[in-house]
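Asker: Residue numbers (our numbering), protein chains in the order written: chain A, 1 to 276; chain B, 1 to 107.
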Amino acid sequence: MLGTLLIVFRETLEAALLIGIIAAATKAVPSRNRWIGAGIVAGILGALLVAGLMDSIAQWADGIGQELFNAGVLGVAVVMLGWHNIWMAKHGAEMAADAKHVAHAVRDGRRELSAIAILIAVAVLREGSETALFLYGLASGGGLDLRHALTGGSLGLLAGAMAGATIYWGLLRIPLKRVFDITAVLLLLLAAGMAGQMAKFLIQADLLPSIATPIWDTSAALPMTSTLGSLLHLIAGYEAQPTAMQVIFYLATLTLIGFGMRWTRTPSPAATLRTR
Amino acid sequence: MKSVLPALLLLLASPAALAADAEFAINIKDHRFEPAELRVPSGQKLKLIVNNQDATPEEFESHKLNREKVIPGKSKAVIFIGPLAPGQYPFVGEFNEKTARGTLIAE
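#1: Can you tell me where the alpha helix (DSSP H) with residue 177 (chain A) in it begins and where it stops?
#2: CA-CA distance, residue 251 (chain A) and residue 147 (chain A)?
#3: First and last residue of the beta strand (DSSP E) that includes residue 59 (chain A)?
#4: Whole angstroms are fine: how far does the CA of residue 243 (chain A) sit from the CA of residue 159 (chain A)?
#5: Could you name the residues that DSSP lists as bridge partners for residue 88 (chain B)?
#6: Please determine, among B:21, B:30, B:87, B:23, the residue with the shortest C-alpha to C-alpha distance to residue 126 (chain B).
#7: Return helix, strand or coil for residue 154 (chain A), following the three-state DSSP convention.
#8: Using a Cβ-Cβ cutoff of less than 6 Å, which residues in the same chain neighbour residue 84 (chain B) once the five nearest sequence positions on both sides are dropped?
#9: Of all the residues that make up the region 71-105 of chain B, which are near chain A by a beta-carbon distance shorter than 9 Å?
#10: Beta-carbon within less than 7 Å of residue 203 (chain A)'s beta-carbon, same chain only, minus the 5 sequence neighbours each way: which residues are those?
#11: So, is residue 2 (chain B) buried or exposed, given that buried needs 16 or more other C-beta atoms within 10 angstroms?
#12: From residue 53 (chain B) to residue 22 (chain A), what does the alpha carbon distance come to, in whole angstroms?
#13: Which chain A residues sit within Cβ distance under 8 Å of residue 27 (chain B)?
#14: Assign residue 131 (chain A) to one of two classes, buried (16 or more other C-beta atoms within 10 Å of its C-beta) or exposed (fewer than that).
#15: Can you find the residues in the same chain that come closer than 8 Å, C-beta to C-beta, to residue 217 (chain A), ignoring five residues on each side of it along the sequence?
#16: Exposed or buried, what is residue 151 (chain A) when buried is set at 16 or more other beta-carbons lying within 10 Å of its beta-carbon?
#17: Using only alpha-carbon positions, find the residue among A:118, A:59, A:25 that is nearest to residue 38 (chain A).
#18: Residue 44 (chain B): buried (16+ other C-beta within 10 angstroms of its C-beta) or exposed?
See the structure below:
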């Protein structure tokens, strides 16, 4: 049961952290709860569907369907994260300056919220489908395991959700103006890490060359199996033995979204207030 | 960035992906890898075919190989790996980590 708990917790954690950070970042956006909720529900339904179809997905494209699927899902998540971060760079300052004065941003905000719903849906979909498949395997493996699978699974899910809630409440304690900056950095790192993961799946499918494997090796100093290593992997996409291609994807994403944010950034809240 | 993009495109167009890769097979049975130790050549790309004979899904995972792939029950999966430096590359079945353990030995 403990094994089940740990696996479900690990799979839930990434999606839960993402939801927690996004929820904190969009606190001032009207009706964001509905969109986040819709994203979670769509993601869970999608995860069950994908888990059910995993046999056929695995057979697609001469056996690399799963890599293509994962890379595609991660690609969508990276694009949505980029969109969100750039949008927040533009509107975050005015929201912080005057949380109620967001009416003019609402029309634009609806598109932003649908981007968030999609982002959360794909994050839940990816992690959830593996969890569902794993639990299904346990449940079909032997009758006795079913109760353990359900108990362990629910506890793991609960623990993951609590981690997400913890980061959400933690972020809310920070003044709104700072929250935008902090969540922007967190989400930027998440996006870059996801892009690196995407490269990994494309290399695994033999669609991209790895260029150099590994480009560095810190597995002795900070192994991926250590708590700090896996936490850094989750938050910032840390890899102990990455390929050069992963690093290129990582840096390219960091640069592109970073530039996009600078490009659209509105003047600081103080400056906005003065001109009003 | 400016210098990276053309290099990236060049690499994408390179014929490396078309070369035939050496194939190696490994089975999963009763949540164990068979063989648990597999000797493979170093310095070249390899095609690892994992045949899951169990009815339950398994996740092939190796940090050192930098690979993870879910393999549904009663099915085969293709995993491209390498080129590897000589050495030992442990891997596990994440869904049954206690029993499903193996090592690739590149030489």
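For each residue, glycine too, the CB sits at the ideal point set by N, CA and C.
Answerer: The relevant details are as follows:
#1: Sequence index remark: in the first sequence, residue 177 (chain A) carries index 177 (1-based). Residues 176-204.
#2: Residue numbering aside, residue 251 (chain A) sits at position 251 when the first sequence is read from its first letter. Residue numbering aside, residue 147 (chain A) sits at position 147 when the first sequence is read from its first letter. If you take the alpha carbons of residue 251 (chain A) and residue 147 (chain A), they lie about 45 Å apart.
#3: As a position in the first sequence, residue 59 (chain A) is number 59, starting the count at 1. No beta strand (DSSP E) holds residue 59 (chain A); the alpha helix (DSSP H) holding it covers 32-63.
#4: One-based indexing of the first sequence puts residue 159 (chain A) at position 159. One-based indexing of the first sequence puts residue 243 (chain A) at position 243. In a straight line, the C-alpha of residue 159 (chain A) is about 32 Å away from that of residue 243 (chain A).
#5: What you label residue 88 (chain B) is simply residue 88 of the second sequence in a count that begins at 1. Looking at the DSSP assignment, residue 88 (chain B) forms a beta bridge with B:105.
#6: Residue 126 (chain B) is absent from the structure shown; chain B starts at 1 and stops at 107.
#7: Sequence index remark: in the first sequence, residue 154 (chain A) carries index 154 (1-based). Here residue 154 (chain A) sits in helix by DSSP.
#8: As a working mapping, residue 84 (chain B) is identified with position 84 in the second sequence. Taken in chain order, the residues that qualify are 42, 106.
#9: 71, 72, 73, 74, 75, 76, 77, 78, 79, 80, 81, 82, 83, 84, 85, 94, 95, 96, 97, 98
#10: For the purposes of this step, residue 203 (chain A) is taken as residue 203 along the first sequence, with counting starting at 1. Only 210, 243, 245 meet the Cβ criterion.
#11: If you number the second sequence from 1, residue 2 (chain B) lands on position 2. Residue confidence is low: residue 2 (chain B) scores 47 on pLDDT, short of 50, so the model does not pin down where it sits. No coordinate-derived value is stated.
#12: As a first step, residue 53 (chain B) is located in the second sequence; it is residue number 53 there, counting from the start. As a first step, residue 22 (chain A) is located in the first sequence; it is residue number 22 there, counting from the start. Taking the straight line from one Cα to the other gives about 41 Å.
#13: For this step, residue 27 (chain B) is matched to residue 27 along the second sequence. Simply none; closest approach about 16 Å.
#14: One-based indexing of the first sequence puts residue 131 (chain A) at position 131. Burial call: buried.
#15: Taking the first sequence and counting its residues from 1, the one referred to as residue 217 (chain A) is at position 217. Closer than 8 Å at Cβ, skipping near neighbours: 240, 241.
#16: Within the first sequence, residue 151 (chain A) is the residue found at index 151, counting from 1. Residue 151 (chain A) should be labelled exposed.
#17: In the first sequence, the residue the question calls residue 38 (chain A) occupies position 38. Ranking the options by Cα distance to residue 38 (chain A), first place goes to A:118.
#18: Residue mapping note: residue 44 (chain B) aligns to position 44 of the second sequence, counting from 1. Under this definition residue 44 (chain B) is an exposed residue.
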